[in-house]
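Novice: Under the working numbering, think of the first position of the sequence shown as 4, with each following residue one higher.
Would you mind keeping the following structure in view while I ask a few things?
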Amino acid sequence: MATAPEGPRPSPLENLTTEERVFPPSPEFASSANLHEDAYAEAERDPLAFWAKQAERLTWSKKWETVLDWSNPPFAKWFVGGRLNVAYNCLDRHLEAGLGERVAFYFEGEPGDSRTITYAELTEAVCQAANTLAGLGVRAGDRVAIYMPMIPETVVAMLACARLGAPHTVVFGGFSSEALQARILDCDAHVVITADGGYRRGNATALKPAVDEALVDCPDVHSVLVVRRTGQDVGWTEGRDHWWHETVEQADIHHDPEAFDAEHPLYVMYTSGTTGKPKGILHTSGGYLVGCSYTHWGVFDLKADTDVFWTAADIGWVTGHSYIVYGPLSNAATSVLYEGTPDAPHRGRWWEIIDKYKVSILYCAPTAIRTFMKWGEDIPGRFDLGSLRVLGTVGEPINPEAYVWYRENIGHSRVPVVDTWWQTETGMQMISPLPGVTPAKPGAAMRALPGVFADVVDDEGRPVPKGSGGYLVLTEPWPAMLRTIWGDDKRYVETYWSRFPGLYFAGDGAKRDEDGDIWLLGRVDDVMNVSGHRLSTTEIESALVAHPKVAEAAVVGASDEVGGQGIVAFVILRADAGDGGPDVVQELREHVEHEIGKIARPRQIMIVPELPKTRSGKIMRRLLRDVAEQRPIGDVTTLADTTVMETIKANLAAGAEGQS
Ligand code: PRX
């Protein structure tokens with residue numbers, strides 16, 4: 004039998020777009036920046052010496068003997084032999100340095116209540132919570148589940164666990180009782196910390212009933228601590244349930260922190276996998292804190308005595324763990340903590356908060372930025388945003404147009420924007436511009452941070468040339484890396500380390516441009532195959548968002564009669580574009596063709612009012628593929644708003660669909 008002649012190897016991922024805009028830092032910013040260009044060379048010369056130097060940012064009760072033990076890859080040990088207490092590093096040592104009166108958090112509740120919490124007050128509260136938990140029998144190594152709204156007590160609960168060496172698992176308050184139960188059981192937590200409820204979108208939403216429901220089948224949970232936030236009625240199980248204000252707030256304010264091994268588990272954070280049950284990502288103490296502390300200081304150019312820092316994300320995600328709690332507190336930063344949504348009670352709430360607290364560094368997700376674009380720039384225009392000096396994004400590729408909108412309308416064209424790529428698994432930011440060093444390109448994460456080593460490889464794991472696309476990998480271990488999947492070493496090795504032996508496979512597509520800079524192209528599971536070309540959804544979405552009528556776009560590949568996949572785009576129009584006019588679909592298809600080329604011209608464009616998103620803001624393309632291929636819609640239970648798919652379907656049925 005004849006074998007097919009070998010043609011040129013297909014590119015793992017096409018490089019479709021070029022972006023000409025570059026925004027270098029201003030000379031003033033560059034001259035006073037925390038990190039300079041030389042950090043890259045220093046880290047490259049001797050990565051372990053570099054990380055040892057960063058570890059000196061922390062206070063160790065016993066210094067490490069070896070920076071990295073990589074003798075049993077992919078199971079890493081960092082700062083071997085070192086001992087420290089994470090909570091001490093986030094609290095007590097700042098008091099010892101005379102910073103007790105510095106504000107740790109400006110808390111802004113959604114209904115408008117606010118609290119200012121100093122480092123001294125936070126330390127007292129954490130000691131009280133640690134004493135209470137110890138009284139409930141929590142010992143080093145025991146797991147504690149936390150299911151809370153975005154309130155200061157959530158931070159207190161996490162740090163109290165860290166202080167006791169009891170790994171926490173924070174479950175996002177928007178998750179269901181089933182999700183909570185699965186996580187409690189998987190990590191075998193015996194204590195749960197929760198609240199009666201929290202405020203979201205103008206309503207008091209209950210949390211305690213979900214805990215009660217989850218615990219029906221969790222016989223080992225013996226204690227539940229309940230914070231009173233909303234004053235809602237709650238069910239009560241005598242002997243098991245305890246009010247926070249009757250226990251924690253009455254407890255002794257002194258607690259001596261014990262030092263734990265650098266590799267002592269700090270927390271387990273569950274993240275969804277492509278199949279089956281969520282993965283419990285395990286982070287440990289020393290390396291994780293070094294990574295968060297260093298990146299929070301370097302990537303945001305933190306000046307702890309003057310900046311007001313705000314990560315507008317939920318503590319229930321890794322972004323909240325690393326950049327609301329551990330990074331900022333280890334650096335003695337002053338942060339804003341906001342409980343609610345950006346549109347409660349009005350669409351200018353974020354900008355009002357920035358104005359009120361003179362926030363100087365804002366970190367948020369591209370999905371939020373695209374929502375603000377949709378609402379229009381006149382809303383932020385009503386507030387004084389002059390205090391801002393660094394802007395950041397995380398969570399998804401940011402479309403160049405959204406980046407430029409953020410830079411112009413929020414940063415008033417003078418504030419650097421850092422697009423930071425990382426994952427729950429990496430624990431810390433990995434690829435990002437440095438605000439005082441990098442001439443940033445809109446939409447590019449640019450370059451691995453000093454001390455981090457990343458590459459873009461082809462199907463065989465070979466680095467791709469400049470100008471090509473492929474798979475993002477990390478080529479060296481890093482301090483905040485996950486250590487394993489809780490209770491499942493085999494899945495850890497298979498998921499991250501077997502696609503390309505010796506390399507960490509992130510699951511993301513990426514490209515290197517002609518300068519060698521890195522652009523993220525979305526999850527590889529979202530790659531489309533159009534006439535034999537593998538195209539990333541990200542670049543086509545960005546082309547759509549660059550059209551003045553478009554606020555947000557999601558692109559999927561839908562199987563077509565010819566056997567390949569056709570490009571189907573779902574588009575949300577900007578508020579000021581009205582219904583887009585009778586020719587909007589044709590206009591957008593031509594626009595994509597013009598921006599990228601004929602290959603990327605969508606077969607179909609559907610104008611929709613909403614897009615299906617997970618609770619962390621990621622677009623669920625799987626459901627859009629179902630619509631595009633006219634299948635029944637799959638599982639919608641992980642959607643932030645489960646009615647969205649109905650709205651989309653109704654909208655399409657009403658005739659707003661554009662066919663080619
Ligand atoms: O696909 C990448 C995308 O988000 C994934 C990680 O998601 P998660 O573990 O929930 O953590 C989000 C917060 C760190 C990545 O595999 N992602 C994250 N940041 C970026 C990004 N994609 C492109 N650009 C980014 N800056």
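The C-beta atom is built at its ideal place from N, Cα and C for all residues, glycine as well.
From a predicted model like this one, the values you see are computed outputs, not experimental measurements.
Under DSSP, the beta strand (DSSP E) around residue 79 begins and ends at which residues?
Specialist: Counting from 1 along the sequence shown, the entry for residue 79 is found at position 76. That run of the beta strand (DSSP E) goes 78 to 83.
Novice: Please indicate yes or no: does the CB of residue 486 lie closer than 7 Å to some heavy atom of the ligand PRX?
Specialist: If you number the sequence shown from 1, residue 486 lands on position 483. Residue 486 Cβ: outside cutoff for every heavy atom of the ligand PRX.
Novice: Within the same chain, show all residues whose beta-carbon is closer than 6 Å to that of residue 372, passing over the 5 residues directly before and after it, in chain order.
Specialist: Numbered from its first residue, the sequence shown carries residue 372 at position 369. Taken in chain order, the residues that qualify are 405, 409.
Novice: Looking at the strands, I want to know which residues DSSP matches up with residue 49.
Specialist: Working through the sequence shown from its first residue, we reach residue 49 at position 46. Paired residue(s): none; residue 49 is not in a bridge.
Novice: Is residue 424 near the ligand PRX, judged by its Cβ being under 7 Å from some heavy atom?
Specialist: As a working mapping, residue 424 is identified with position 421 in the sequence shown. Checking every heavy atom of the ligand PRX against the Cβ of residue 424, one is found closer than 7 Å.
Novice: Can you tell me the Cα-Cα spacing of residue 630 and residue 574, whole angstroms?
Specialist: Locating residue 630 in the sequence shown gives position 627, counting from the first residue. Locating residue 574 in the sequence shown gives position 571, counting from the first residue. Roughly 14 Å separates the two Cα atoms.
Novice: Starting from residue 3, follow the alpha helix (DSSP H) in both directions and report where the run begins and ends.
Specialist: For residue 3 there is no data in the structure shown, the boundaries of the chain being 4 and 663.
Novice: I need the straight-line Cα distance from residue 20 to residue 646, nearest angstrom please.
Specialist: The count along the sequence shown starts at 1 and reaches residue 20 at position 17. The count along the sequence shown starts at 1 and reaches residue 646 at position 643. Roughly 35 Å between the two C-alpha positions.
Novice: According to the Cβ coordinates, are residue 390 and residue 357 closer than 8 Å?
Specialist: If you number the sequence shown from 1, residue 390 lands on position 387. If you number the sequence shown from 1, residue 357 lands on position 354. Result yes, Cβ atoms of residue 390 and residue 357 sit closer than 8 Å.
Novice: Excluding the 5 residues flanking residue 42 on each side, which residues of the same chain have their C-beta closer than 6 Å to its C-beta?
Specialist: The count along the sequence shown starts at 1 and reaches residue 42 at position 39. Result list for residue 42: 453, in chain order.
Novice: What are the start and end residues of the alpha helix (DSSP H) that includes residue 164?
Specialist: Here residue 164 refers to the residue found at position 161 when the sequence shown is read from its first residue. That run of the alpha helix (DSSP H) goes 155 to 167.
Novice: So, for residue 46: in the same chain, excluding its five sequence neighbours on each side, which residues have a beta-carbon less than 6 Å away from its beta-carbon?
Specialist: Looking up residue 46 in the sequence shown gives position 43. Cβ within range, chain order: 53, 453, 454.
Novice: For the ligand PRX, I want to know if residue 511 counts as a neighbour, meaning its beta carbon is within less than 7 Å of at least one of the ligand's heavy atoms.
Specialist: One-based indexing of the sequence shown puts residue 511 at position 508. Because some heavy atom of the ligand PRX lies under 7 Å away, the Cβ of residue 511 counts as near it: yes.
Novice: Alpha carbon to alpha carbon, how far is residue 515 from residue 44? Give it in angstroms, no decimals.
Specialist: What you label residue 44 is simply residue 41 of the sequence shown in a count that begins at 1. What you label residue 515 is simply residue 512 of the sequence shown in a count that begins at 1. Using only the alpha carbons, I get a separation of about 20 Å.
Novice: Quick one: is residue 199 buried, meaning 16 or more other Cβ sit within 10 Å of its Cβ, or exposed?
Specialist: Numbered from 1 along the sequence shown, position 196 holds the residue referred to as residue 199. Buried, because 16 or more other Cβ atoms sit within 10 Å of the Cβ of residue 199.
Novice: Just checking residue 230 against the ligand PRX - is the residue's beta carbon closer than 7 Å to any of the ligand's heavy atoms?
Specialist: Within the sequence shown, the letter at position 227 stands for residue 230. Because no heavy atom of the ligand PRX lies under 7 Å away, the Cβ of residue 230 does not count as near it: no.
Novice: Give the DSSP bridge partners of residue 203, in chain order.
Specialist: Residue mapping note: residue 203 aligns to position 200 of the sequence shown, counting from 1. Answer by DSSP bridge pairing, in chain order: 206.
Novice: Apart from the five residues just before and just after residue 507, which ones in its own chain have a Cβ nearer than 7 Å to its Cβ?
Specialist: Translated into the one-based positions of the sequence shown, residue 507 becomes position 504. Closer than 7 Å at the Cβ level, and outside the excluded window around residue 507, lie 476, 477, 499, 500.
Novice: What are the start and end residues of the beta strand (DSSP E) that includes residue 555?
Specialist: On the sequence shown, residue 555 is found 552 positions in, with the first residue counted as 1. Where residue 555 is concerned, the enclosing beta strand (DSSP E) stretches over 553 to 562.
Novice: May I ask whether a heavy atom of the ligand PRX can be found less than 7 Å away from the beta carbon of residue 274?
Specialist: Here the question's residue 274 lines up with position 271 in the sequence shown. Yes, the beta carbon of residue 274 sits closer than 7 Å to at least one heavy atom of the ligand PRX.
Novice: Taking residue 402 as the reference, which of 59, 26, 87, 540 has the closest Cα?
Specialist: The residue you call residue 402 lines up with position 399 of the sequence shown. When each option's Cα is compared against that of residue 402, the closest is 540.
Novice: Is the beta carbon of residue 330 sitting closer than 8 Å to the one on residue 298?
Specialist: Numbered from 1 along the sequence shown, position 327 holds the residue referred to as residue 330. Numbered from 1 along the sequence shown, position 295 holds the residue referred to as residue 298. Yes, they are a contact pair.
Novice: Could you tell me the alpha carbon to alpha carbon distance between residue 545 and residue 603, rounded to whole angstroms?
Specialist: The residue labelled residue 545 in the question sits at position 542 within the sequence shown. The residue labelled residue 603 in the question sits at position 600 within the sequence shown. The straight-line gap from Cα to Cα measures roughly 12 Å.
Novice: Measure the alpha-carbon distance for residue 459 versus residue 142 and round it to whole angstroms.
Specialist: To locate residue 459, count along the sequence shown from 1; it is residue 456. To locate residue 142, count along the sequence shown from 1; it is residue 139. Spanning the two alpha carbons is a distance of roughly 44 Å.
Novice: What separation, rounded to the nearest whole angstrom, lies between the Cα atoms of residue 343 and residue 388?
Specialist: By one-based count along the sequence shown, residue 343 stands at place 340. By one-based count along the sequence shown, residue 388 stands at place 385. Computed Cα separation, rounded: 20 Å.
Novice: Taking the beta strand (DSSP E) that residue 511 belongs to, which residues open and close that run?
Specialist: On the sequence shown, position 508 is the one that residue 511 refers to. That run of the beta strand (DSSP E) goes 507 to 515.
Novice: For residue 633, is the classification buried or exposed, using 16 other Cβ atoms within 10 angstroms of its Cβ as the cut-off for buried?
Specialist: As a working mapping, residue 633 is identified with position 630 in the sequence shown. By the neighbour-count rule (16 or more Cβ atoms within 10 Å), residue 633 is not buried but exposed.
Novice: Am I right that residue 289 and residue 523 are in contact with their C-beta atoms under 8 Å? What's the rounded C-beta distance?
Specialist: One-based indexing of the sequence shown puts residue 289 at position 286. One-based indexing of the sequence shown puts residue 523 at position 520. Not confirmed; about 29 Å, so no contact.
Novice: Can you list, in chain order, the residues of its chain with a C-beta nearer than 6 Å to that of residue 321? Leave out the 5 residues immediately preceding and following it.
Specialist: As a position in the sequence shown, residue 321 is number 318, starting the count at 1. Excluding residues within five positions, the ones whose Cβ falls inside 6 Å are 272, 427.
Novice: Hey, would you say the C-beta of residue 619 is under 7 Å away from at least one heavy atom of the ligand PRX?
Specialist: Along the sequence shown, read from residue 1 onward, the residue named residue 619 stands at position 616. Yes, the Cβ of residue 619 comes within 7 Å of a heavy atom of the ligand PRX.
Novice: Mind pulling the alpha helix (DSSP H) runs of 4 or more residues that sit fully within the segment 417 to 443?
Specialist: DSSP runs (the alpha helix (DSSP H)) wholly in the segment 417 to 443: none.
Novice: Rounded to whole angstroms, what is the Cα-Cα separation between residue 173 and residue 319?
Specialist: Residue numbering aside, residue 173 sits at position 170 when the sequence shown is read from its first letter. Residue numbering aside, residue 319 sits at position 316 when the sequence shown is read from its first letter. The alpha-carbon atoms of residue 173 and residue 319 are separated by roughly 6 Å.
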